[in-house]
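Residue numbers (my numbering), protein chains in the order written: chain A, -17 to 791; chain B, -10 to 299.
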Amino acid sequence: MNTKRIAAAAAAVLMAISAAGCSSSENKSKQLSSKPQKGRYVEEILDLKNIEFPSEFVKADGEISFVNEEDAIKRYVSDGKNVTSEELDLKFPNDSCFATKIQQLPDGRGAVLYTDQSVLSFDTEDIEGNGITQETDTDDSAPEILVDIPEDDTEADPAITEKEGGIIGETEFETEDPADAAEETAEDGVIHISDDYDSGSRFVLIRPDGSFAETEIEEKNIFDFEISEDGRLFVSTFSGRIYKVDLDTGKSELFYEGKEDQANYIDIAGKYIIIPEQLENKVTVIDAETAEEIGNLEALNDFCKDNITFNSAFSGVPCFDFCEGEDGTIYIACTAGIYRYVIGGNKVEQLIDGSSTSLSMTDSVYMGPSSVVYEGNDSFLVECAAGIVRYRFDPDAEENETSCIKIYALKNDEKITTAVNTFRRTHPEIGVELETGMKDKKTYDDAVKDLLSEIVSDDAPDVIILDGLDIHNFIDKDLLKDLTEYLPDITPEEGLIEGAALWNDRDGVYSAAGCFAIPSVACNTGDLDKLDTLKDVAEYSEKQKDDNNYAMNLETSFTGSFIKNLLQTYGNEISDGKNSADPEKIKDFFENCGKIYNASFSGEDPMENEYEEQDEPFYTGTPLAYLTLDNYHLSAGMLDSYPNSINCITTIKDYNDKIDYRYGGSSSVHAFQPIMNAAICSRSDNTDEAKEFIKIMLSKDNQDNYVDNALPVNKASFEYNFTDRTDLFVSGCIGYGTEDESEILYKYTDEAEEKELMEYLSKLDTAVLFDEQTTQKIVECGTKYLNGDSTLDEAAEEVRSFLLLRNKE
Amino acid sequence: MRAAENTAAADIQNSAAAVGNIKEMKKNKKKKKNKTDLKFLQFLLPGALGVAVFILIPFIDSFRRSFCTNITQEFSGADNYKEIFGNEAFRLAIKNTLRFTGVCLPLLIGISFIIAYMLSGLKRIQLIRSILLFPMAIPTATMVLIWKILFSDHGYINGILDSHGADTIGFLDDKAFWVLVGSYIWKNLGYTVLLWLTGIMSISSALCEAAKTDGAGEVKCLFYIIMPNLKPTLYTITIISFLNSFKVFREAYLLAGSYPHESIYLLQHLFNNWFVNMDLGKMAAASVCVFSVIFIAVSLLKAVWDKEEN
């Protein structure tokens, strides 16, 4: 009996707890459900010229502002509709300074964390044996900086005035009358927060009134700082601590102990300080008033584990941002979208799907959104790779749509997102649904099965981006529409580089490529004729290794990327002409890859452990750059953009006549890789809209977006690179010559170089592209072989067996 | 006389009434029987509906699709059937699947019977019964992970061989078939032993004791008393093991992906890859063929069994 009573009591308690839990979660879900049910967020890229690397957004008194370092530092203010700018009379102490971080106080004053390169002096020194050079810091007598603001008798810190006569006084702030200089500084209305990396330690506040103070933070190794809306300055240090700094006195107090020796960026969203932890992909949230850690963040941390990333190439800068919302909510912007969360709640709610917006766009600097602010009235301002973008909720957006097209791509790509955004801008009346097959770690098999299920259940996509898919199979199954009759409509007035754009012409035109890449090879002058095939390259690399120690710099420490790079460059040699490989040619391919790999230098990258295997080869320029810069003798790779690849190799060729290059890996074929191959599904119900999408994708309006990071197929967009572009290469430096250590500056291609390129493009005849399954198998087995995990025979046999079985099917 | 006539008439009336009652009773019984039938159907309906929706109708649709083109669904006659019988991958998959079934079935039945017979003499059989079901409780993914740790090129076994200077063995390449056989037997052994044990325990011990009294030894008891009495169990085990041998795809897929070594390329691999390649017509035709083979095999087994029973 007693047992029964105990059981009943336990059940009652459990029910009560569960009821309480329900009611608490109901409360939270009530807060979360305030989102309007109809309509959707509409994206608008703000037309702000020359905005590069702006500061984080600051919101105060209903006004949102950010500052941007251009030729001068400007402050931009948004009233929710328009953005106006004013120039701040803020100057860095000298030309070698660059902003590490610019932030604003709510009253409009700015705060700048900056680094002065003049204190860092690099020298090069030849490391004996392998022919590489390495930068080492050898200058111990770096000058003191930043403290030469003219003396103010009443407020200046004596410790700082002692350093009068430094660099600043001699350059930017030199005035006849120190008092005038102080006044001038005060008019700036800017607080400088300087961090001198070299001496490693000083953190100096320069106030609007011209006075300044060195803060009293113990370790003084500043990692990041953030200013709250009420004007409090929080500083995080390399030791993981957070200090609160009094802006008037410069005095600091330890605010949060943090984790030992774990430097983290910090973010402030309303009354919370959010500390993203890169090592564990999670966040710690502390109360900005009491410094108490907030508990019950499982939902937020589960979300973070899957969605937040850090840019390891830029000392782990977060590729996401938090901001304060209404009613205690916070918003999170990342590549996956914009999300809403109530601190302590059990659900992170997606408001905007990033995959079909500019949020998912990335470039070498922005690996995700860097700043977000909630403007009110369901409107967000986001800083991301596309620029400053506004997302505004439009309740009538869906009602105003006359139709909706579905676009399918195996993998999301910013070029696709760009085309979708251009289409949306041009046709706001047509809804767009962008579906990514291999998202959420889905395998190729699962993604294609899902696509097939959609097709057979009459929910077929209207446009299919064929990259990575088995294109020939799609054509054989009558899944693609022949575009021949649409060509007059979709071809832009400016014309196309037809060989690249309309390559898929098997008994009709089945797709149109948005951009393309071309292979190239470079070597010592006079030897180019010897390099006709991959086998020649392999033998040449072995010879160079014998003669010169190393033949080639792999430019990447990832074996998989190395294989993928050669697969793209010399893919025409093993292609079976149907997006797949010839089983009998795999062994030779691996053997040659192995020879080149073993003859190459794959230097140990100290950051190696921080990188994840990337989908694309990790280019830091073009492989040809290594020929000149590091005394290598062979280079092969894909040229996938004009400024970073083609301009680079022509510049280097011009600089060093001992090297020569050729477009095309093999001289006998004119190979290329078509990218973003858009096709119309034969089961599409919106053929006209799909056709319009391809037309806009090929239009100059859209193709101009690819000018800097791809080779566009639109002739006018492509040839825009032939003009003397004022927006590029202002002081671009590829690197330093090894002989005289002089700077190698970018140069524009000349007419002869342009003619040579256009001649190659006019003869394009071999499209090299493999389906995702084949690529994965070749890269996987090739990596095993090059890493010594399997023999050449085993690796080749595994791929051969896979290809044979697939052919049999 | 009149009394007699009245009595007779009453008798006749009674008889008529009796006949009427009987008729009415029969009618009522019939009605009741009808009602019982309907009730029976009510119980059957949810299950039958499930089978119809999830098995029967999809199968009929597959049958229809086997005569149509892949995506456009136009009638294509027996093209898909011609294509699959001329398809090398299909023939390879059929060959491997039959080989797998042909090797696994006798091995599993034989080994499990020997173990069950040996265990049947033990007293603490209840505890052993629970242990026997453990392999079925282990998730396939976990099991495959263990197999990989043991048998991969850099796994434990090859590590030991390597450390002793012996050549390593490609367990997941040319020996993959036997790894898969081992995996199948390991997973199904306990369950099959349990079925045998249940069969053996249901044989009256008096039969064996009587035989032993008449001078029969253990072997004669086994061959003349136990084994003949286990025919119903054998039938059940054969059918279950036969069907299970077609379900080994999960292990093979997790072990070596959608394109494994040729020796373990099974029908389900082919179906999976055809699905990915959008060859719906071929897939439908192949599934109709496979169903027919299984159906015929099971029907034959049943016919043989029924014949022996009669």
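Note that the Cβ used here is the ideal one computed from N, Cα and C, for glycine as well.
Within 10 angstroms of the Cβ of Thr66(A), are there 16 or more other Cβ atoms? Answer buried if so, exposed if not.
exposed
Specify, as a first and last residue, the run of the alpha helix (DSSP H) that Gly171(B) falls within.
165 to 191
Proximal chain B residues relative to Lys463(A), where beta-carbon distance stays under 7 Å
In chain order: nothing, as chain B lies at least about 13 Å away.
In three-state DSSP terms, what is Tyr767(A)?
helix
Alpha carbon of Asp471(A) to alpha carbon of Ile500(A), nearest angstrom
Between Asp471(A) and Ile500(A), the C-alpha separation is close to 27 Å.
Taking only beta carbons into account, state which residues of the region 219 to 251 of chain B come closer than 8 Å to chain A, listed in chain order.
Ser247, Tyr248, His250, Glu251
Collapsed DSSP secondary structure at Gly477(A) in the structure displayed
coil
What residue range is occupied by the uninterrupted beta strand (DSSP E) comprising Tyr730(A)?
Where Tyr730(A) is concerned, there is no enclosing beta strand (DSSP E), given that its DSSP letter is neither H nor E.
Label Gly646(A) either buried or exposed according to how many other C-beta atoms from any shown protein chain fall within 10 Å of its C-beta, with 16 as the threshold for buried.
buried
Close Cβ partners of Thr756(A) (< 6 Å) along its chain, the five nearest in sequence each way excluded:
Ser562, Ala563
Using a Cβ-Cβ cut-off of less than 8 Å, list which residues of the region 120 to 151 of chain B approach chain A; keep chain order.
Asp142, His143
From the beta carbon of Ser191(B), is the nearest beta carbon of chain A less than 9 Å away?
By this cut-off, Ser191(B) is not an interface position.
Among Thr61(B), Ser152(B), Ser172(B), whose alpha-carbon lies nearest the alpha-carbon of Leu243(B)?
Of Thr61(B), Ser152(B), Ser172(B), the residue nearest in Cα terms is Ser172(B).
Show which residues of chain B have a CB atom less than 9 Å away from the CB atom of Ile437(A).
Ile60, Met267
Minimum Cβ-Cβ distance from Leu434(A) to chain B less than 9 Å:
yes
Report yes if the C-beta distance between Glu791(A) and Leu259(B) is below 9 Å; otherwise report no.
yes
Identify the contact partners of Asn455(A) in chain B, using a Cβ-Cβ distance below 7 Å as the criterion.
What Asn455(A) touches in chain B: Asn266, Met267.
Taking only beta-carbon positions, decide if Ser664(A) is within less than 9 Å of chain B.
yes
Kindly list the residues whose CB is nearer than 8 Å to the CB of Ile158(B), restricted to its own chain and excluding five residues on each side of it in sequence; keep chain order.
When the five nearest sequence neighbours on each side are left out, the beta carbons in the same chain lying within less than 8 Å of the beta carbon of Ile158(B) are those of Ile146, Asn147, Leu150, Lys164, in order along the chain.
Identify, in the order they occur along the chain, each residue of the same chain with its Cβ nearer than 6 Å to the Cβ of Gly508(A), setting aside the five sequence neighbours on each side.
none
Is Phe231(B) helix, strand or coil by DSSP?
helix
Alpha-carbon to alpha-carbon, Ala653(A) and Ser666(A)
32 Å
Going by the C-beta, is Glu235(A) closer than 8 Å to any heavy atom of the ligand MN?
The ligand MN is absent from the structure shown, which contains no ligands of any kind.
Please list, in chain order, the chain B residues whose beta carbon lies closer than 7 Å to that of Val430(A).
Val265
Hey, is Leu787(A)'s beta-carbon within less than 9 Å of any beta-carbon in chain B?
yes
Go through its chain and collect everything with a Cβ distance to Gln257(B)'s Cβ below 6 Å, but skip five positions before and after it.
Cβ contact annotation for Gln257(B) (same chain, cutoff 6 Å, sequence separation greater than five): Phe238, in chain order.
Are three or more beta carbon pairs between the region 567 to 577 of chain A and the region 781 to 790 of chain A nearer than 8 Å?
Judged by Cβ distances under 8 Å, the region 567 to 577 of chain A makes contact with the region 781 to 790 of chain A, as three or more pairs qualify.
Which residue marks the beginning of the alpha helix (DSSP H) containing Lys546(A), and which one marks its end?
541 to 551
Of all the residues that make up the region 641 to 664 of chain A, which are near chain B by a beta-carbon distance shorter than 9 Å?
Ser664
Should Val208(B) go down as buried or exposed, given a rule of 16 or more other Cβ atoms within 10 Å for buried?
exposed
Under a CB-based cut-off of 9 Å, is Lys791(A) close to chain B?
Checking the displayed sequence, the identity of residue 791(A) turns out to be Glu instead of Lys. Yes, because at least one Cβ of chain B sits closer than 9 Å to the Cβ of Glu791(A).
Lys459(A) versus chain B: which residues are under 7 Å apart at the beta carbon?
In chain order: Asn59, Ile60, Met267.
Unbroken alpha helix (DSSP H) runs of length 4 or more, entirely within the region 245 to 282 of chain A: which are they?
none
In three-state DSSP terms, what is Leu392(A)?
coil
Distance check for Phe29(B) and Leu219(B), CA to CA, integer angstroms please.
33 Å
Helix, strand or coil: which one does DSSP assign to Ala155(B)?
coil
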